[in-house]
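Peer 1:
Protein chains: 2
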Amino acid sequence: MSSSREAYHHGRLAQALEDAAMQLLERKPAAEISLREVARAADVSHNAPYHHFTDRRGLLKALAERSMGELLAGVRDAVDGARADGGPVEALLAGGSAYIRFAVEHPNAFTAVYDPTVCIPGAPTETMAPLIDELEAILGATAAEAGLGSENEALALWGLMHGLGTLCAAGHFPTDAAQAAFTAGATRMLPS
Amino acid sequence: MSSSREAYHHGRLAQALEDAAMQLLERKPAAEISLREVARAADVSHNAPYHHFTDRRGLLKALAERSMGELLAGVRDAVDGARADGGPVEALLAGGSAYIRFAVEHPNAFTAVYDPTVCIPGAPTETMAPLIDELEAILGATAAEAGLGSENEALALWGLMHGLGTLCAAGHFPTDAAQAAFTAGATRMLPS
DNA sequence: GATCCAATCTTGACAGTGTCCATTTATGTG
DNA sequence: CACATAAATGGACACTGTCAAGATTGGATC
Numbered sequence: 000m001s002s003s004r005e006a007y008h009h010g011r012l013a014q015a016l017e018d019a020a021m022q023l024l025e026r027k028p029a030a031e032i033s034l035r036e037v038a039r040a041a042d043v044s045h046n047a048p049y050h051h052f053t054d055r056r057g058l059l060k061a062l063a064e065r066s067m068g069e070l071l072a073g074v075r076d077a078v079d080g081a082r083a084d085g086g087p088v089e090a091l092l093a094g095g096s097a098y099i100r101f102a103v104e105h106p107n108a109f110t111a112v113y114d115p116t117v118c119i120p121g122a123p124t125e126t127m128a129p130l131i132d133e134l135e136a137i138l139g140a141t142a143a144e145a146g147l148g149s150e151n152e153a154l155a156l157w158g159l160m161h162g163l164g165t166l167c168a169a170g171h172f173p174t175d176a177a178q179a180a181f182t183a184g185a186t187r188m189l190p191s
Numbered sequence: 000m001s002s003s004r005e006a007y008h009h010g011r012l013a014q015a016l017e018d019a020a021m022q023l024l025e026r027k028p029a030a031e032i033s034l035r036e037v038a039r040a041a042d043v044s045h046n047a048p049y050h051h052f053t054d055r056r057g058l059l060k061a062l063a064e065r066s067m068g069e070l071l072a073g074v075r076d077a078v079d080g081a082r083a084d085g086g087p088v089e090a091l092l093a094g095g096s097a098y099i100r101f102a103v104e105h106p107n108a109f110t111a112v113y114d115p116t117v118c119i120p121g122a123p124t125e126t127m128a129p130l131i132d133e134l135e136a137i138l139g140a141t142a143a144e145a146g147l148g149s150e151n152e153a154l155a156l157w158g159l160m161h162g163l164g165t166l167c168a169a170g171h172f173p174t175d176a177a178q179a180a181f182t183a184g185a186t187r188m189l190p191s
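Residue numbers (numbering that gives the first Met the number 0), protein chains in the order written: chain R, 0 to 191; chain Y, 0 to 191.
#1: By alpha-carbon positions, which one of R:115, R:188, R:28, R:12 ends up nearest to residue 38 (chain R)?
#2: Residue ranges of each alpha helix (DSSP H) run of no fewer than 4 residues wholly in the region 127-177 of chain R, ordered along the chain?
#3: What is the DSSP secondary structure of residue 52 (chain Y), reduced to helix, strand or coil?
#4: On the premise that residue 164 (chain R) lies in contact with residue 188 (chain Y), defined as a C-beta separation below 8 Å, what is that separation, rounded to the nearest angstrom?
#5: Suppose you measure from the CA of residue 123 (chain R) to the CA of residue 108 (chain Y); what does that come to, to the nearest Å?
#6: Taking its Cβ as the centre, do 16 or more other Cβ atoms sit within 10 Å of residue 95 (chain Y), making it buried, or is it exposed?
#7: Taking 8 Å as the cut-off, decide whether the C-beta atoms of residue 167 (chain Y) and residue 155 (chain Y) are in contact.
#8: Residue 53 (chain Y): buried (16+ other C-beta within 10 angstroms of its C-beta) or exposed?
#9: When Cβ atoms are compared, which residues of the region 96-129 of chain R fall closer than 7 Å to chain Y?
#10: Please state if the CB of residue 170 (chain R) and the CB of residue 119 (chain Y) are separated by a distance shorter than 8 Å.
#11: Mapping the DSSP letters down to three states, classify residue 125 (chain R) as helix, strand or coil.
#12: List the residues of chain R that residue 149 (chain Y) touches, going by C-beta distances under 9 Å, in chain order.
#13: Report the neighbours of residue 87 (chain Y) on chain R: residues whose CB is nearer than 7 Å to its CB, in chain order.
#14: Could you tell me whether the Cβ of residue 172 (chain R) comes closer than 8 Å to any Cβ of chain Y?
#15: Take residue 71 (chain R) as the anchor and find which of R:181, R:172, R:148, R:128 has the nearest alpha-carbon.
#16: Closer than 7 Å, Cβ to Cβ, to anything on chain R: give me those residues from the region 51-83 of chain Y, in chain order.
#17: Check the Cβ of residue 152 (chain Y) against every Cβ in chain R and list those closer than 8 Å, keeping chain order.
#18: Quick check: the Cα distance between residue 173 (chain Y) and residue 162 (chain Y), rounded to an integer number of angstroms?
#19: What residues from the region 153-169 of chain R come within 9 Å of chain Y, judged by C-beta to C-beta, listed N to C?
#20: Answer with yes or no whether the minimum CB distance from residue 48 (chain Y) to chain R is below 8 Å.
#21: Does the beta carbon of residue 142 (chain R) come closer than 8 Å to any beta carbon on chain Y?
#22: On the three-pair Cβ rule with 8 Å, is the region 30-45 of chain Y touching the region 74-93 of chain Y?
#23: How long is the line joining the alpha carbons of residue 205 (chain R) and residue 112 (chain R), rounded to whole angstroms?
#24: Applying the criterion that 16 or more other CB atoms from any shown protein chain within 10 Å of the CB defines a buried residue, is residue 158 (chain Y) buried or exposed?
#25: DSSP three-state label for residue 120 (chain Y), please.
#26: Identify which residue in R:26, R:10, R:18, R:190 has its Cα closest to the Cα of residue 106 (chain R).
#27: Does the beta carbon of residue 93 (chain R) come closer than 8 Å to any beta carbon on chain Y?
#28: Do residue 65 (chain R) and residue 104 (chain R) come within 8 Å of each other at the CB atom, strictly closer than that value?
#29: Interface residues of chain R around residue 30 (chain Y) at Cβ under 8 Å?
#30: Count the other CB atoms, across all protein chains shown, that sit within 10 Å of the CB of residue 152 (chain Y); report buried if there are 16 or more and exposed otherwise.
#31: To the nearest angstrom, how far is the alpha carbon of residue 179 (chain Y) from that of residue 88 (chain Y)?
#32: Looking at the C-beta of residue 176 (chain R), does it have a partner C-beta in chain Y at a distance below 8 Å?
#33: At what residues does the alpha helix (DSSP H) containing residue 93 (chain R) begin and finish?
#34: Pick out whichever of Y:32, Y:51, Y:15, Y:82 has its Cα sitting closest to the Cα of residue 138 (chain Y).
#35: Would you say residue 58 (chain R) and residue 34 (chain R) are within 8 Å of each other, going by their C-beta atoms?
#36: Specify the secondary structure class of residue 25 (chain R) as computed by DSSP and reduced to three states.
Structure below.
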């Protein structure tokens, strides 16, 4: 595919590399994805990526940001949709369900998002920081509407869905068990 | 240290390698620990480990098992101690607190325990399987005593402490926030 | 439109890694 | 004591991340 159209200047190499890497991420964890492999998939030399990413970690950061964007979009859509149909409680349950679903359906992307060796939470990327903030904001606001106003309780909800998603994505129990456990746990937390 | 005492046969190389690797695990994540580096730390050739571990993953499995043993011991001691002093509710809170504390104090070990590329939960190691079972058993039994009898609710408790521990270990919020959030979340889950 | 520049991409090189192979050394058992 | 076997060694290979130097290109400048 290289010699046919554009010999040297690709034009959208950064995008193409990210696309190729995201595709690989569906099949194998980020730790097993090599830069050279991604370059090969994009049909460029093994050093071309260095003109668009500072590092191997640079590419992984981009993957984490993309993945976080998708995770956030899934949660936001679920929350908004359920709040329109039902109420804040339904919105909260739908958001958690979407969060867990993403973790199970894209375990490697999910892991990449929260890998501290890729994005240090203390000093996150300029792209990543607002995404995390928005996720927290959505959860916090929805939790407050549903009657869980304190910071601790919003954090507990995040922890609950995150833990169940992580454990389930790692294969410790089936998806429906994680979903059911979240519904049970969150419901019990809400004021009766 | 090699030439001084034992030239060839180490005697306890497997142990020594695991010890060295566990020490490295305190400083860097498992992904950044190389087999050759561990061999160097144990003062043997880069190929010596292959006589005691099938693979790089073999050593990581051993690290995960050891770490899980420590995590389990911490939780068990906390639960037993608190059940003696207080009641099942105190035991449950103490167990979760110990779980989170381990995650924060030994983030790399904690991550190694739950790394699905090291120990596949569907087919865990002979050593790992009973450890996971015991952890679940302790949590399930304590939760039941505290009034959370169903499988879903025990799973939710595990997910809650696991998620808060994971997020906190990754640096997403300080330790006391995670501890407070667990107490708040678990207390809310318990029947009032 | 010709010329130069900076960005892009390439090839080449180096050290480090996981793992296979053949070889050397030590241990324990007959 | 001899000898099979386990334990450790050194060498080799392919692969990786990354640095350095050269080739190619598109676009701004005159």
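Yeah, the Cβ is synthetic: ideal placement off N, Cα and C, and Gly gets one too.
Peer 2: To lay it out plainly:
#1: R:12
#2: 127-144, 150-168
#3: coil
#4: Not quite, the Cβ-Cβ distance comes to about 18 Å (not below 8 Å), so this is no contact.
#5: Between the alpha carbons of residue 123 (chain R) and residue 108 (chain Y) lies a distance of about 23 Å.
#6: buried
#7: no
#8: exposed
#9: 113, 115, 116, 119, 120, 121
#10: yes
#11: coil
#12: 183
#13: Within chain R, no residue comes near residue 87 (chain Y); the closest Cβ sits about 16 Å away, beyond 7 Å.
#14: Taking Cβ atoms only, chain Y reaches closer than 8 Å to residue 172 (chain R), which makes this a yes.
#15: R:128
#16: Of all residues in the region 51-83 of chain Y, none has a Cβ within less than 7 Å of some Cβ in chain R.
#17: In chain order: 180, 183, 184, 187.
#18: 14 Å
#19: Contact residues of the region 153-169 of chain R toward chain Y are 153, 154, 155, 156, 157, 158, 159, 160, 161, 162, 163, 164, 165, 166, 167, 168, 169 (C-beta to C-beta distance below 9 Å).
#20: no
#21: no
#22: Using a C-beta cut-off of 8 Å, the region 30-45 of chain Y makes no contact with the region 74-93 of chain Y, since fewer than three inter-stretch Cβ pairs fall below that distance.
#23: What the structure shows of chain R is the stretch from 0 to 191, and residue 205 (chain R) is not part of that stretch, so it cannot be assessed.
#24: It is buried - the Cβ of residue 158 (chain Y) has at least 16 other Cβ atoms within 10 Å.
#25: Looking at residue 120 (chain Y) - three-state DSSP - the assignment turns out to be coil, as it is neither helix nor strand.
#26: R:26
#27: Taking Cβ atoms only, chain Y never reaches closer than 8 Å to residue 93 (chain R), which makes this a no.
#28: no
#29: 30, 116
#30: Residue 152 (chain Y) is buried by the Cβ-count criterion.
#31: 15 Å
#32: yes
#33: 87-104
#34: Y:82
#35: Inclusion of residue 58 (chain R) and residue 34 (chain R) in the CB contact set at 8 Å is warranted, their separation being smaller than that value.
#36: coil
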